[in-house]
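K.L.:
This is the structure I have questions about; it appears just below.
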Amino acid sequence: MTVAARSEDDLRRFRAFCDAASVKCIFIELGRGAEPFQPMTASYHHGTLPHALEEARAMARALAAEGFDVKRLKLEALGKNRDIPEDDATARAQPANYFEFHVKVLLPSGLTDLDTLRARCESHGAHLSRNARKVREDGASERFVTLRVYGLGRANAEARFSALLEDLAATGLKLTQRMREWTVYDSNRGLDRGWLGDVT
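So the sequence shown is residues 0 to 199, counted in numbering that gives the first Met the number 0.
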């Protein structure tokens with residue numbers, strides 16, 4: 000769930016809502032695009048897609064009741080789940096859905112020039128973001144790399160992610176928390192316009 004929250008008071012209220020609802024609160028900074036700052040929730044749901052969607056919609060209604068403008072409702076199946084398209088034809092038959100891959104890159108303290116890393120990501124169609132409110136005790140910083148893949152089945156989408164990981168590993172930077180997801184519902188793909196390509 001992504002909301003519009005601009006002021007410090009909005010962010011404080013959003014964090015309080017997440018704490019009360021026992022969901023993770025994340026403040027994602029894209030650095031560019033139509034909505035470069037995206038406060039969002041993160042939580043796990045179990046059961047069928049209609050059941051998970053209704054749970055998410057209930058949370059959206061609760062957020063709206065607290066005065067928040069809900070900008071996006073998004074549900075993702077973990078990559079190991081069943082019913083994820085294995086081949087390209089099956090994936091193309093679901094044009095609104097897509098694979099999304101993430102990996103966290105740890106940047107040593109003092110590294111501020113991200114141009115090389117950014118260029119390497121963009122050569123694969125991937126892009127950088129960060130958790131704006133997270134501060135590490137060791138002085139290092141983190142960036143998330145996101146690769147979104149439409150119209151490819153699991154094997155070919157995974158191959159693109161593997162190529163990205165290989166290229167990132169060549170930088171010598173530490174990579175952690177690799178995630179593979181299949182997005183089964185996204186109410187507002189246009190929210191990422193100007194950050195990721197090929198969004199409508």
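No residue lacks a Cβ here, since even glycine has one placed at the ideal position from N, Cα and C.
As the structure is a prediction and not an experimental result, all values here were calculated from the model.
Tell me which residues share the same chain as K73 and place their Cβ nearer than 6 Å to its Cβ, disregarding the 5 neighbours each side in the sequence.
P.N.:
Counting only Cβ-Cβ distances below 6 Å, and skipping sequence neighbours, we find D185.
K.L.:
When the distance is taken between beta carbons, is S108 closer than 9 Å to S140?
P.N.:
Taking 9 Å as the Cβ cut-off, S140 and S108 qualify as a contacting pair.
K.L.:
What residue range does the beta strand (DSSP E) around E141 cover?
P.N.:
From DSSP, the beta strand (DSSP E) with E141 extends over 140–148.
K.L.:
Tell me the DSSP bridge mates of E28?
P.N.:
Beta-bridge pairing links E28 to F36, R129.
K.L.:
Between which two residues does the beta strand (DSSP E) holding A20 run?
P.N.:
First-last for A20: 7–20, but that is the alpha helix (DSSP H), not the beta strand (DSSP E).
K.L.:
Could you work out which residue in R5, F26, I27, E28 is closest to F67 when comparing CA atoms only?
P.N.:
Measuring from the Cα of F67, the nearest candidate turns out to be R5.
K.L.:
Along the alpha helix (DSSP H) that carries R91, what are the first and last residues, could you check?
P.N.:
87–91 is the span of the alpha helix (DSSP H), which, as asked, contains R91.
K.L.:
Would you kindly report the start and end of the unbroken alpha helix (DSSP H) that includes A59?
P.N.:
Run containing A59: 48–64, per the alpha helix (DSSP H) assignment.
K.L.:
Any contact between the stretch 165–184 and the stretch 97–108? By contact I mean 3 or more CB pairs, one from each, below 8 Å.
P.N.:
Yes: the two stretches touch, three or more of their Cβ pairs being nearer than 8 Å.
K.L.:
Please state the DSSP three-state secondary structure of A4.
P.N.:
It is coil, neither helix nor strand.
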